[in-house]
Every structure is written in C-alpha cells, then in structure tokens.
Amino acid sequence: MSKPHKTTAEQVLRAAIDASYLADETETIKALAASCDELQYSVSREQAQRLINHSREFNNAPLLTHFMHEFSLSSAEGIALMCLAEALLRTPDPATQSRLIRDKLSVADWQQHIGHSPSLMVNASAWGLLLSGKLLSEDYRKQLNNGQLLKAMFQRLGEPAIRSAMQQAMRLLAKQFVAGETLQQAIQTCRELATPNSAYSFDMLGEAAICAADAQHYLSRYRSALIQLGEHKSQQPNGTTQRISIKLSALHPRFEPSQGLRVKNELIPKLIELAQLAKQFDIGLTIDAEEASRLELSLDCFHAVFTHPTLKNWHGLGLAVQAYQKRALPVLHWLRQLASSQQKVIPLRLVKGAYWDNEIKFAQSQGLAGYPVFSRKQASDISYLACARYLLAHTAAFFPQFASHNALTIASIQQLAKPTQDYEFQRLYGMGENLYRAYQAQQQAKNCCVYVPVGRHIELLPYLVRRMLENGANTSFVYQTGNPEVAIETLLADPFADIKRCHFSPHPAIALPSQIYPARKNSSGINFDSPSELNDTLRELSRAAKTEYIAEALLHNTPARQGRGRDISSPADQRNIIGQVYDTPPSLISGAIDDAARAQTAWAQTPVNKRAEILEVAANLFEEHQSTLSYLCIHEAGRCLRDAQAEIRETVDFCRYYAQQARQLFNAEQTFQGIVGEQNKGLWRGRGVFLCISPWNFPLAIFTGQVVAALVAGNSVIAKPASATPLCGMQIIKYLQQAGVPSDVLQFVPGPSELLGQQLNSDVRISGLAFTGSINTAQRINRQLAARDAPLASVIAETGGQNVMIADSSALPEQLVKDVIRSAFNSAGQRCSALRVLFIAEEIADDTVTLLKGAMQQLSIGDPSDESVDIGPLIDQQAVEKLERHIEYLSSIQAPVFQLTLTEKTAHGHFFPATLCELENIQQLPEEVFGPVLHLIRYRHEQLEQLIDSINGMGYGLTLGIHSRIQMTIDEICQRAKVGNIYINRDMIAAAVGSQPFGGCGLSGTGPKAGGPHYLSRFATELTVSENTAAIGGNASLLMLDEQQ
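Residue 1294 in my numbering sits at position 830 of the sequence shown, and the numbers go up by one each step.
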C-alpha cells in the first residue's frame, strides 16, 4: 500500500514546483526570509569582512581582473573588449578579423586608460593592442586623441601583426577561465594547482546542440571524458576528487518542453549509459542547470536516471539547482522525497543562476503572468540562503555543494552549518581564487571544488562572454571584492534588511510582463512550459472543438443566410470539417454599404474615448475566449499551437494600442502658430466607409488590426475575410459587436473575391481601403478604385516581399542557424515577413549549410494542434502545386535542392516539406515564393554594395535580416537597403505591436506601418479651423498687454 502513497506524494510535490513557476514575488520572498530567522547578520558580516580583508592581501590578481577593473562594461572600451572576445577567434578569415578590430577599437577612448592599471600587459597598449610586446612610443601615444590610435597602429605594425596581437589577447583572456583545450591539459593544469583535499568538476564546453551530429559529438566527448578521468583515477587512486558536469541541451538538439516525449525516449538511454560509466569509474556526474523553461523536462530526465535499477546504491548522480528561480525550494522538497524513496544521497550543486536577464526578457516577450526568477538581487540571495538551510537540514538526502563567490554568502553558510556537517563550497576556475584562499586558511574550513571549463577556443566564446559580463558588471561581487577602491562596507549589505526596507516588493524598474507598456496593458500569454497550464489549454481546445461554427454575412437588420453553405475543412486533414460558411449574396452588398454610410456620421461623432473603450472591451473578450479563437486559427488556418496563441496576443495588442493612439490623436487639438488676431487649430475625423480585406495567413491579427483601426478613427467598416478563413473572421466580428460596435457600423461580408470584389471595390461610397495580400491583387484593386467617378480613396496596402538575410563571417553560426530556421519555416513560411533568401559569406557557407541541413532534419511536420509539430500545412492544394512548380523550375536550372521527407501522417492535408536550395544570384528568383522554401546565395564581402543594389533592384522592400558583429557593416546595410523593417542578430518575423511597427515600401506596401504611431492617420482626414478672434472689433490680447514687462 506504500507505493501508491509515494506516487501521490511525488505528484503533489511536482505540482507544487509547477505552481511556483511564476509565483507572487512578495509572498514567496516573505516565506523564504521567514525560514532564515535564526541567521544572525552581524556574525556573518564580521566573518565576511575578515575574508575580504584577507583576500585583498594576496597580490596575485589574474590578468583578467586588471582588465575588468580598467575596462568595466559600463564603458565603451569594455563593450569593445567583450565584442571582440565574443567574435574574433571564431571569425575564420583575416579580412573580416581586421574589419572587426577596426570596428570595435576605433570608437573607444583608449587614452584615458593608459597608466591606470598595475598590470604592464594592460598598460602596454590599452588592453592588448600590442600584446606582441611592442610598447607604444610617445609619438604614437599623442595620436590616441581623435580616433588616430588605430590608424597609427595599422600604419606602423600592419594588419597581420594587429590581428595576431588581438588573437593573442583573446587567448590570454580565455585562459583565465578555461583550464585547457583538452581534458588532459585541464587535468594537468589542475594537478599543478592542486592543494590537499582538492576537488575538480570538469565542464566540457559547448552550447546547445543544433543537430543530431552536434548531440553525438557531445555524447562522445562526455563518454571519452569519463573514460579518461577513470583511467587517471586508477593511476592515482589517492589523487584529487574529480567529477564531470553535463548539459542536457548539448545531448539532444530539441531539448525543449514541446518535444518532451521524443526527448525522453531518445535522451534518457544516453544519460543512463553515461551514468553507468560514471558509476563504473566512481566519477561524480552532475546535470547542469539550464533555462527555466527546461526545468520540468530536466527533472523528468533526472528522475528516470536516478531511479534506474542499474544505478541502485550509487550516490554520484548530482543536479544543479538555481536559487534565483522561485521554484528552487519546491524542487529541493521533491528531490528530498526522491532521494528518500531510493535511499540514496543527491550531490546538490546550489547556484544563484546565470540566465537572469534572458529569463526576464523571455517572460516579457511571452506575456507571462510573472517571472520565473526574482527581480531583486537581494531576493535571490535570500532564496539561496533558504535553500542552503534546507540542504544542511537534510544531509541524509543531500550532499550540499555551495557555488558562490560572495563572502557574505560563504560566511552565512558557515553560520548555518554545524561544524561536523559534510558539505563543500565551489568556485569557477579563474574566479574567486583569493577569496577561497582566505577561507581555507581558517580552521575547520571545508573543501572547495573548482568548476573547470574545458574546450577549444571556438567553443568557449559564449561561456567567456557570460563570465566577462559577470566580472565586468559594476554590481558583480567578484569585481568589487577584488577592487581595493571599493569599501568593504558596501559589499556586506544585509539582504534581509534591504528587502524589508522595500517591503518585499519586486524591483520597480522591472514591471510585470502585463505592465511593460506605460500607456496600455500588454496581452497575456500562455505559459506552455508549465505542465498544468499546457494541460488546461489543451482541455479548453477540446471543448472548443465541440462547438458548431458557422460564418455568414452580418448585415444591419438584413437576414443574410441564403442558399447552401459550403464546408470549411482543415488544411491539415481534409476529412476534418471545421464548420460551414454561407457566402454573402452580391445583391446585399449595396444595401450594406448604404447602412454603413448612414451610420458613419453618428459613429464619428461618438467621443473617441468611447470608441477606444469598445476596443479595450473587445481585447478583453478576445482573451476571455482565446480557446475558441485558437482552435479556429489552428484548424481553419493551419497555424501551430504556439503560433496561434501568439496571433491572439497580437490581435489583443492591436486593439489596446490603437485605442491608446486614438486617444492621443483625436483628443488633442493641435494649435498652429500664426499672426495675432487669429486662432488656428487642427483636428482629425473619420473618412467615411472603409473596406477591409484581410489575408488567410493572419486571419485574426491582420483582420482585426485593419478593422479596429478604421473603427476607432471614426469610420464605418465593411469587413471581408479571406475566403479560406471566414470562421476566424466571424468570431472576431461577433466579439467586436458584443463589445459595443453597432451592427450598422461594422458589417461582415464573407465570400470569394471573384464574387464580391468588383462590386465592393467599384462602389463610389467607399472612402478607403485597407488590404493585405499579394501585390498583383493590390494593384488590381487600386486600379478599380481609381476608375471610379468618385473622390480618391485612401489606400493602405501591405503586400509580400522578397525578404533576405545577410550574414557575414563574423556571425555566430549557431545563433544564425536558429534564426534562419525560425524566419524561413515558422508558419510553414506563410508569413509576408518570412525569410526567402539567405546571403551567406562564402568563408562560413559550407559549415553553415551543413549545420542548417542538420537543424532542418530536426523539424517536425504534421498536425498543427500537436504541440511537438513545428511546421503545419499550407493553406490549400493550389499553394502546394505552386511550390511544386517552383521546385521543378529549380531543377531545370540545376540548382541544388535539399528537402525533408513527408510522412504518412500528412497524406490527407496540404503539406509541403521544408526545402533548402542554392542559387547563384537573386535574379534567378523572379517572384516571391510563399512557403517553406529557403534559397541560399554565397557572397564575398567586396560584393556587398552590389549585393544590396541587387536586392533593391527586385522592387520589394518589406523585411531584411542582418547577422554580423561588425557595426560598420550593419550601418552600411541599414543605410543602403530600401526596406521597411530591419532585424539585426535575431530572427526577422513576429514584429511586436507598438515596438516594431511593421510595413514595407515599393512593391511591398504603401505604409504607414501597422502597429505604429502613424497608422491611424491614414484612416482619418485632417480638419484645420481658423478663427478671426479680432472680428468682435479688436484684438483683446494685444490691447491688454502689460506695459511693465
């Protein structure tokens, strides 16, 4: 009877972890602080002060310490140093290396740093321009002013010498943090540094795997490392304690919650193999902590390995837990229960956490209800101590390993622990050495395990930059402890007193995700990485599937359902009927426009505050009914689960943003300066009847954005949805009318364009048109409007684009490939902003293509309602056939084509596999290819100007991506490219409303940009009112002047 009880207990504890994901920060930190009541700050402070004083007596500060003291990351020079460290060593070609060096060093003021540092190496050339040993002469020092240093250095030494010096500088920096490029080198380094009772945990450097080959490479490295450590231990059985840390995302290219089932099936056997090998050699094996979104999956994997029968009675499998996460203590509760159930001990590495800034950004971008991490450093410190207290209280379940470089934290743990308790401290190689020398000089000091990164220079770059950020930040304890100019008192502030002074509140500079915009509420998102929230979402979608969906014309006081309806089937599976649509009879169009024209005057006179409130009510309704909207977006439009939710958020954001903008534009009377005796002011008002024609690829967001912009500007609207997605449009109109839009002000006319288009576009009462679709359709509609004997209509058109990304050889390949995959294949490439052509520097082209193909092979194509699916269907069979003809064309010009294979699961839908093809030039691509097809073109840097001209020559101008670490290159492209949106070192889709106004130029659209401050003005007309205030007989303001002024 005990086994079910344990299962229930485990489930309760796992549910508690999930419940704490985005927990209220104030309540959480109050509870954590209360658990540490017995801790006496004065005792910890006195001990920490002794540690810092003692540590400052050592005069062996490493080179990097001098660098970071002199060039902190609050300076342009520090930023330049970081950028060079991140990019120089992996940039393969000398020409780009030289451009990178020029770019980063020419913008900084190095003169101010000469003579400041006690390190000769730092002074030699203001952080290493002459690390080859040649010091600056007095003449050259004079040229430091006015940006002449770099020019002088290149003239004197030449570019090859400068490049060599800079590469040597980066390697010297790297050696501060990395013990060796190979494990044998690292073991030898540690052997030379070893003290009695030393312990080392080796980290085989590498970022997350992108493809299967990456994962296999890291598995081989881990396996080889364990064997080498085992052999070393057999040769020196009484030598230092050695362990190894592994990163789960390095062992699987899709280590993410959406791929949980696949990950567990494929990764857990590998982990068990590594653990068995570690057990065989008696080498400790620690699973490293990663991003918050991966925590639940990491715990699942840990549980499977920890409870495996072959590892019974082995106490070497450890886990790292991040104290800055609100889930840290609940995780420890669960781990204690797990250890107890297996009668084993878990080596538990407690860390503060290294992804804090990314976690804040991610939560904001997803519109989460809160943050998974604490917003104040003091809160993270308190959480760390609360977790440390718990670990020390349960050493039957844990071997505590406290990773910290903070003297106050070390002293507090000493106070919490009993003298006889078994635990250790940990520090990073290259950090905190003097602090721990001071600590270990004490009586009864515990062991300090050194966490040792191992890897080639090219693999250490992301790790190196993270360590530089941590060291160089002015708030870094390591930075301040080693800086004698920083008073010790400032380092030993009581976190408990500080947090009480601010009433346990979150940091005021970090608003909740819902409040990041000062004038409007951010849309709320779904935390798909939370098991409970995901399950709730899937249940709601199942309920939404039980509703009967019908789209029909919604006309003012006119029954519109006539004739027979036609079925709407899912593009993912034609056998799945989603609902029915009854097309609008053409005979009803004229009457609908009559009603709209009559209603517009009263609607325009409705106070703008009221119109804006209606939009905000509608936004709330969209969020309230997001399961219905999401279901339709997935099954009618073929959008994948997360993409559908993102589109709902964009829909909501459009409503709230345009409401905010309307209040600013229509409430403010603009006053114009003029002659005395006149008052001149400007007002805005609606144009009349707006026709809104929306596309199928964004059936919620673009449809709503056009409609609500026209409405809030004081227009009545005839809304025509895409014929492929009328059900989505119908739901939006229902909610808008439910929010308060009168039925004669907003009318809905579903039906094919060939049936309704001519009649709508040629009606003289149409004052404006908002359209999103192809350039050919936009031009045809524009001609129809122009042919009318009527006032000129306002036309807002957003069409497609031949969107390109330019990546030079300074780009980080892993980041580049991730962004390319998302930009080209998200939404099956059916975004107007999607990447169509990748221009890749020939120096990195071969490696990038290999990596790109490997990443493509990890993509899943299929049912968009399945959370694990990356690429859903195309909208219809016609779209599939058009892409098939394009592939035939590519074959005819002998362009190499790489294409994924479709499975039987896609047999009943409109699917097309992700495709990569290589072209010689962009002229081989005469038109936009709308789908999951990426074209790649190699280029040389000297062709950049010609390349940009060829892009501009296509006539399109929507989006453009840049991947480069060279600002001069970025600036040149930005200045020359004729496009509407440029994205730098990121993907190039999913523009955020209000933050990244979206729209193109040329063949890509008319502007103004949707989701931007000028959009509403195109839906309105300006009125200027000029009044002669002297008409009553004189100018009172002049006649009453104060003569004493």
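We treat Cβ as the ideally placed atom computed from N, Cα and C, and that holds for glycine.
{"Check": "Can you check which of these residues, S684, E1077, S868, is closest to Q1201 by C-alpha distance?", "Outcome": "E1077"}
{"Check": "With a 10 Å radius around its C-beta and 16 neighbouring C-beta atoms as the bar for buried, classify L595 as buried or exposed.", "Outcome": "Only weak support exists for where L595 lies, its pLDDT of 32 falling under 50; the coordinates are left without a value."}
{"Check": "Return the bridge partner residues of C912 from the DSSP annotation.", "Outcome": "F889"}
{"Check": "For a test of the three-state rule: what should DSSP assign to N1290, helix, strand or coil?", "Outcome": "helix"}
{"Check": "Does the region 1328–1340 touch the region 1365–1380, meaning 3 or more C-beta pairs lie closer than 8 Å?", "Outcome": "yes"}
{"Check": "Considering just the uninterrupted stretch of the beta strand (DSSP E) at G1395, what are its terminal residues?", "Outcome": "Per DSSP, G1395 belongs to no beta strand (DSSP E) and is neither H nor E."}
{"Check": "Give a yes or no on whether the minimum CB-CB distance between A1456 and chain B is below 8 Å.", "Outcome": "Here there is only one protein chain, and chain B is not present."}
{"Check": "Suppose only complete runs of 4+ residues qualify. What are the alpha helix (DSSP H) ranges in the region 1211–1244, listed by chain order?", "Outcome": "1217–1226"}
{"Check": "To the nearest angstrom, how far is the alpha carbon of L1510 from that of I1112?", "Outcome": "The structure shown does not extend to residue 1510, since the chain is modelled only from 465 to 1509, so the question has no answer here."}
{"Check": "My parser needs the beta strand (DSSP E) runs of 3 or more residues fully inside the region 623–689; what are they?", "Outcome": "663–668"}
{"Check": "The alpha helix (DSSP H) that contains N1385, what's its start and end?", "Outcome": "Counting along the chain, N1385 falls outside any alpha helix (DSSP H), and DSSP gives it neither H nor E."}
{"Check": "CA-CA distance, N1240 and I1357?", "Outcome": "26 Å"}
{"Check": "What's the call for S432, buried or exposed, on a 16-neighbour Cβ count within 10 Å?", "Outcome": "Here the chain comprises residues numbered 465 to 1509, so residue 432 is not present and cannot be evaluated."}
{"Check": "Going by DSSP, name the residue or residues bridged to F1565.", "Outcome": "Here the chain comprises residues numbered 465 to 1509, so residue 1565 is not present and cannot be evaluated."}
{"Check": "Rank P794, G834, Q789, Q801 by C-alpha distance to the C-alpha of W820 and give the top, closest one.", "Outcome": "Q789"}
{"Check": "Determine the extent of the beta strand (DSSP E) in which Y1447 is found, giving its start and end residues.", "Outcome": "1445–1448"}
{"Check": "For K568 versus L553, is the C-beta distance shorter than 8 Å?", "Outcome": "no"}
{"Check": "Taking a contact to mean a Cβ-Cβ separation below 8 Å, would you say N1445 touches T1470 in this structure?", "Outcome": "no"}
{"Check": "Determine whether the beta carbon atoms of R758 and S713 lie at a separation below 8 Å.", "Outcome": "yes"}
{"Check": "Check for me: the alpha helix (DSSP H) holding S1532 runs from which residue to which?", "Outcome": "The question about residue 1532 has no answer, for the chain in this structure spans 465 to 1509."}
{"Check": "May I have the straight-line CA-CA distance separating K639 from Y1403, to the nearest angstrom?", "Outcome": "35 Å"}
{"Check": "Do R718 and Q1322 have their C-beta atoms closer together than 8 Å?", "Outcome": "yes"}
{"Check": "May I ask you to report which of helix, strand or coil DSSP gives V785?", "Outcome": "strand"}
{"Check": "Under 8 Å by Cβ, that's how I've got G989 and Q1109 pegged, so tell me the actual separation to the nearest angstrom.", "Outcome": "7 Å"}
{"Check": "Going by CA-CA distance only, name the one from V1116, E949, G1419 that's closest to V1443.", "Outcome": "G1419"}
{"Check": "To which residues does DSSP link S1490 through a beta bridge?", "Outcome": "N1144"}
{"Check": "Under the three-state reduction of DSSP, which class applies to E602: helix, strand or coil?", "Outcome": "Low local confidence applies: a pLDDT of 39 at E602 is under 50, so the model's placement there is unreliable, and no value is given."}
{"Check": "Looking only at its own chain, which residues have a Cβ that is under 7 Å from the Cβ of V1153, when we skip the five neighbours before and after it?", "Outcome": "I1057, A1060, A1061, Q1064, N1179, S1180, I1182, R1229, I1230, S1231"}
{"Check": "First and last residue of the alpha helix (DSSP H) that includes Y1121?", "Outcome": "1105–1131"}
{"Check": "Is G748 helix, strand or coil by DSSP?", "Outcome": "strand"}
{"Check": "Helix, strand or coil: how does DSSP classify Q865 here?", "Outcome": "strand"}
{"Check": "Starting from the C-beta of G894, find all residues in its chain whose C-beta is less than 6 Å away, skip the five residues before and the five after it, and write them out in chain order.", "Outcome": "Q640, F641"}
{"Check": "Which of the three DSSP states, helix, strand or coil, is assigned to D1334?", "Outcome": "coil"}
{"Check": "Taking just the CA atoms, how far does G1476 sit from A1123?", "Outcome": "12 Å"}
{"Check": "With 16 other CB atoms within 10 Å as the buried threshold, where does S1006 fall?", "Outcome": "exposed"}
{"Check": "Alpha carbon to alpha carbon, how far is I1098 from S1329? Give it in angstroms, no decimals.", "Outcome": "6 Å"}
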